[in-house]
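Heads up: the structure comes next, in C-alpha cells.
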Amino acid sequence: SNLVIGLTGGIGSGKTFVSDTFAKKGIVIIDADVIAREVVDIGTPALHAIVEKFGPDILQDNGSLNRSALRQIVFSDSAYKRWLDTLLHPVIRQEMVKQAREANSTYSILSIPLLVENNLFELVDHVLVVDVSENTQRLRAGSRDGQSAHQIQQIMNNQASREERLHHADDVIINDGEKADTEKRVEELHQKYLSLAKNRAK
Ligand code: ATP
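219 is the number that this note's numbering gives the last residue of the sequence shown; the numbers go up by one with no jumps.
Structural data, given as C-alpha cells:
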C-alpha cells in the first residue's frame with residue numbers, strides 16, 4: 018500500500034509552508050484540518066447529530082455550523098468536549114485513511130497538527146516533525162493572523178511540547194532559518210521518501 022508520511026508541528030511552526038513545498042513536487046497532501054471541517058459540512062450525519070444535541074441555535078442563518086458557538090460550548094464543559102470528540106474523531110480518521118489510500122502520488126503527506134497529542138501514529142508510516150523555537154512560534158503565529166500573544170500561548174500550552182514531538186520524529190525539519198533552507202531540506206526528504214516508497218513496493 019501507499020507510503021504515508023505524517024507531518025506535524027506546533028502552532029506557527031511552518032506545517033503549511035512545508036506541505037505547500039511538497040505539493041509543488043507533485044505530492045498529494047491530505048490535511049486533517051480541512052477534513053475536520055468537511056465532516057461537519059451542511060448535510061453530513063455529524064452536523065445532524067450536533068444539531069440534535071445542541072439545538073438549531075448551533076447553526077448560522079445559512080445552515081452551516083457556527084464554529085465559534087460550538088467552540089465556546091465545548092470549551093466550557095469537558096463532557097461536551099468528550100461527546101464531540103467521540104462523534105468526530107472516528108469520522109475524521111476514516112476519511113484520512115480513505116484519502117491516503119486513494120492518493121495517487123509515489124507517497125503522500127498526511128498533515129495532522131495534533132498527531133502526537135491524539136496518538137495517531139498508526140495512521141502513518143513515518144513521522145516528520147517541523148520544529149522551531151517557541152520564540153519563532155510566537156513571532157510567526159502572531160504576525161500571521163493577528164491572534165493575541167495570550168491566545169497563542171494558550172494554544173501552545175495545550176499542545177505537545179517540542180521534546181514530546183521530537184521524541185516521536187523519524188525526520189525533523191528545523192524551520193527557524195530562511196524559507197530557502199527549508200525548501201532545500203524538503204527536497205532532501207523528498208528524495209528519501211521516493212526511495213523509501215520504491216523499496217516498499219518491491
Ligand atoms: P498553524 O498551525 O498555526 O496553522 P503552520 O504550522 O501551518 O501554522 P505556517 O502557516 O506554515 O505554519 O507558517 C506560519 C507563518 O510563518 C506563515 O506566515 C509563514 O509564511 C511563515 N513562515 C513559515 N516558515 C518560515 C520561514 N522559514 N521563514 C520565515 N517565515 C516563515
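Just so you know, even glycine gets a beta-carbon here, dropped at the ideal spot from N, CA and C. These numbers were taken from a predicted model, which means no experiment stands behind them.
Rounded C-alpha distance that separates residue i from residue j
| i | j | result |
| --- | --- | --- |
| residue 39 | residue 121 | 14 Å |
| residue 190 | residue 78 | 43 Å |
| residue 115 | residue 52 | 11 Å |
| residue 218 | residue 20 | 9 Å |
| residue 6 | residue 204 | This structure does not reach residue 6, given that the chain is present from 18 up to 219, and the question cannot be answered. |
| residue 50 | residue 23 | 13 Å |
| residue 142 | residue 113 | 14 Å |
| residue 164 | residue 174 | 15 Å |
| residue 166 | residue 172 | 10 Å |
| residue 148 | residue 43 | 24 Å |
| residue 90 | residue 97 | 7 Å |
| residue 61 | residue 31 | 31 Å |
| residue 45 | residue 179 | 26 Å |
| residue 36 | residue 160 | 20 Å |
Closer than 7 Å: residue i CB and nearest the ligand ATP heavy atom
| i | result |
| --- | --- |
| residue 195 | yes |
| residue 41 | no |
| residue 33 | yes |
| residue 28 | yes |
| residue 174 | no |
| residue 135 | no |
| residue 155 | no |
| residue 158 | yes |
| residue 88 | no |
| residue 25 | no |
| residue 73 | no |
| residue 61 | no |
| residue 84 | no |
Backbone secondary structure at residue i - three-state DSSP
| i | result |
| --- | --- |
| residue 108 | helix |
| residue 23 | strand |
| residue 122 | coil |
| residue 101 | helix |
| residue 114 | helix |
| residue 74 | helix |
| residue 167 | helix |
| residue 128 | strand |
| residue 94 | coil |
| residue 148 | strand |
| residue 141 | coil |
| residue 203 | helix |
Sequence-distant residues of its chain with Cβ nearer than 6 Å to residue i (five each side left out)
| i | result |
| --- | --- |
| residue 153 | 193 |
| residue 81 | 59 |
| residue 123 | 211 and 214 |
Same chain, Cβ closer than 7 Å to residue i, five either side skipped, listed in chain order
| i | result |
| --- | --- |
| residue 176 | 27, 28 and 134 |
| residue 108 | 56 and 63 |
| residue 137 | 129 |
| residue 196 | 34 |
| residue 226 | Residue 226 cannot be examined here, being either before or after the span of the chain that is shown, 18 to 219. |
Neighbourhood of residue i by C-beta, 8 Å cutoff - its chain only, sequence neighbours within 5 removed
| i | result |
| --- | --- |
| residue 170 | 155 |
| residue 209 | 188 |
Near the ligand PLP: residue i beta-carbon under 7 Å from a heavy atom
| i | result |
| --- | --- |
| residue 182 | Looking for the ligand PLP in the displayed structure turns up nothing; the ligands present are the ligand ATP. |
Below-8 Å beta-carbon distance, residue i vs any chain D residue
| i | result |
| --- | --- |
| residue 119 | Looking for chain D here will not work: only one protein chain is present. |
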